[in-house]
Amino acid sequence: MKRIGVLGMPMDLGQGRRGVDMGPSAIRYARLQAVLEELGHEVQDFGDVDIPIAESLRHERESGGLSYLEPIRRACEDAIRGFAAMPDDAFPVLLGGDHSVAMASVTAASRGRRVGVVWVDAHADFNTPETSPSGNIHGMPLAHLCGLGDPRLVNLGGEGAKVRPEDVVLIGIRSLDPGEVRLLRERGVTVYTMKEVDTLRVPAIAQAVAEKFRGFERVHVSLDADVLDPEIAPGVGTPVPGGLTYREAHLLMELLADTGLVTSLDLVEVNPILDIANRTARIMVELASSLLGKKIY
Numbered sequence: 000m001k002r003i004g005v006l007g008m009p010m011d012l013g014q015g016r017r018g019v020d021m022g023p024s025a026i027r028y029a030r031l032q033a034v035l036e037e038l039g040h041e042v043q044d045f046g047d048v049d050i051p052i053a054e055s056l057r058h059e060r061e062s063g064g065l066s067y068l069e070p071i072r073r074a075c076e077d078a079i080r081g082f083a084a085m086p087d088d089a090f091p092v093l094l095g096g097d098h099s100v101a102m103a104s105v106t107a108a109s110r111g112r113r114v115g116v117v118w119v120d121a122h123a124d125f126n127t128p129e130t131s132p133s134g135n136i137h138g139m140p141l142a143h144l145c146g147l148g149d150p151r152l153v154n155l156g157g158e159g160a161k162v163r164p165e166d167v168v169l170i171g172i173r174s175l176d177p178g179e180v181r182l183l184r185e186r187g188v189t190v191y192t193m194k195e196v197d198t199l200r201v202p203a204i205a206q207a208v209a210e211k212f213r214g215f216e217r218v219h220v221s222l223d224a225d226v227l228d229p230e231i232a233p234g235v236g237t238p239v240p241g242g243l244t245y246r247e248a249h250l251l252m253e254l255l256a257d258t259g260l261v262t263s264l265d266l267v268e269v270n271p272i273l274d275i276a277n278r279t280a281r282i283m284v285e286l287a288s289s290l291l292g293k294k295i296y
C-alpha cells in the first residue's frame with residue numbers, strides 16, 4: 000500500500016494546441032482516485048496548481064524566442080512547492096497538462112538526489128531554444144532537466160541540472176527533430192525507439208531499465224499519452240502513427256511495477272477536446288493502475 004499524492008497542472012502554455020489544460024479533469028473523471036483506492040492505496044488529491052489561461056497572457060507570448068516562458072516557470076515553481084507539501088513518504092502523481100509540467104515533477108523527485116527518469120513518449124522533448132522548430136516549451140522539458148537550454152528553466156527549483164543525461168531512458172520514440180538527435184547522441188541518453196520495441200520487445204527493455212536503475216533511491220516515470228498508437232488513444236495534440244499497442248503499454252507498466260523501483264509518475268498530454276468518450280484518459284488511468292500494482296492474477 001502506498002500513500003499517493005495527486006497534483007494537477009492544467010497547463011497548455013507549453014504547446015500550440017488548446018484543450019490539454021483539461022487533461023487533469025479528464026483523468027480525474029476517469030476515476031483515477033477510485034481505481035487506485037480499489038488497489039488498497041491511500042490517495043490524497045492536492046488539487047490543481049493555479050495556471051493562467053493563454054488569452055490573458057498575450058503580452059507574455061514570446062520570451063527570448065520561447066513561448067510563455069515566464070508563466071510556465073512560475074507555474075512549475077508553484078508545483079514544486081505543492082510537491083514539497085506532500086508527506087515525505089508520498090508517491091507523487093502529476094496530472095498534466097502538456098509535458099512542460101515534468102520540469103516540476105522531476106525537479107521535485109530529485110530533491111537534490113540522483114534520480115532515474117523513464118520517459119515514455121513518442122517524442123524525446125530534448126530540444127533547446129536553439130534547436131526547437133516551434134519555440135514551444137513542451138518539446139524541451141527533458142533537455143532543460145538535463146541542464147541544456149535557457150537558464151531560467153534549467154535553474155527551476157535550484158541551480159543546475161536535475162538529472163544526469165546518462166540516467167534517462169526514452170521508450171517509444173518515433174518522432175525526433177535533427178537537433179534532438181545530435182544532442183541525445185552527444186549526451187549519452189538511452190533511447191529505445193519503436194524499432195527497438197519491435198525488435199527487442201518490451202520485456203527485454205524493461206529488464207534493461209531495471210538493471211540500469213538498480214540501487215537508485217528515486218525513479219520517475221513520465222508517461223505521455225501520445226506514446227500510444229493514435230488508433231487507441233486519439234485524445235492527444237501531437238499524434239504519431241505506429242505507437243505502443245494497448246498490451247505493450249500495459250506490459251511495460253506491469254514490468255516496471257515488478258521492479259519495485261518507481262517512486263513517482265506523470266500522466267500528461269491528454270486532450271479531451273480531441274478524444275472520443277474520454278477514451279484516452281481512461282487508458283491512462285488503467286496504465287497508472289498497472290504501474291501501481293494491479294495484476295491480472
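Oh and the sequence shown: position 292 is 291 in numbering that gives the first Met the number 0, straight run, nothing missing. For each residue, glycine too, the CB sits at the ideal point set by N, CA and C.
| Check | Outcome |
| --- | --- |
| Extent of the continuous beta strand (DSSP E) run through F45 | 41-47 |
| DSSP beta-bridge partners of I172 | T192 |
| CB-CB length for G148 against A142, believed under 8 Å | 5 Å |
| Cβ-based burial, I50 [other Cβ within 10 Å; buried from 16] | buried |
| Closest residue to D44 among F82, R112, A276 (Cα-Cα distance) | F82 |
| Identity of the residue in T127, G7, S55 nearest A103 by Cα | G7 |
| Counted within 10 angstroms of its Cβ, other Cβ atoms place Y191 as buried (16 or more) or exposed | buried |
| Range of the contiguous beta strand (DSSP E) that encloses M102 | Note, M102: premise wrong, no beta strand (DSSP E); alpha helix (DSSP H) at 101-109. |
| Closest residue to L243 among L222, L38, L260, A207 (Cα-Cα distance) | L222 |
| Residue of G15, D166, L250, I295 minimising C-alpha distance to L65 | G15 |
| Nearest-angstrom beta carbon gap, A123 and E195 [assumed within contact, 8 Å] | Not a contact, Cβ separation roughly 14 Å. |
| Minimum Cβ-Cβ distance from G157 to chain D less than 8 Å | The structure shown contains no chain D, having only a single protein chain. |
| Secondary structure of L286, DSSP reduced to three states | helix |
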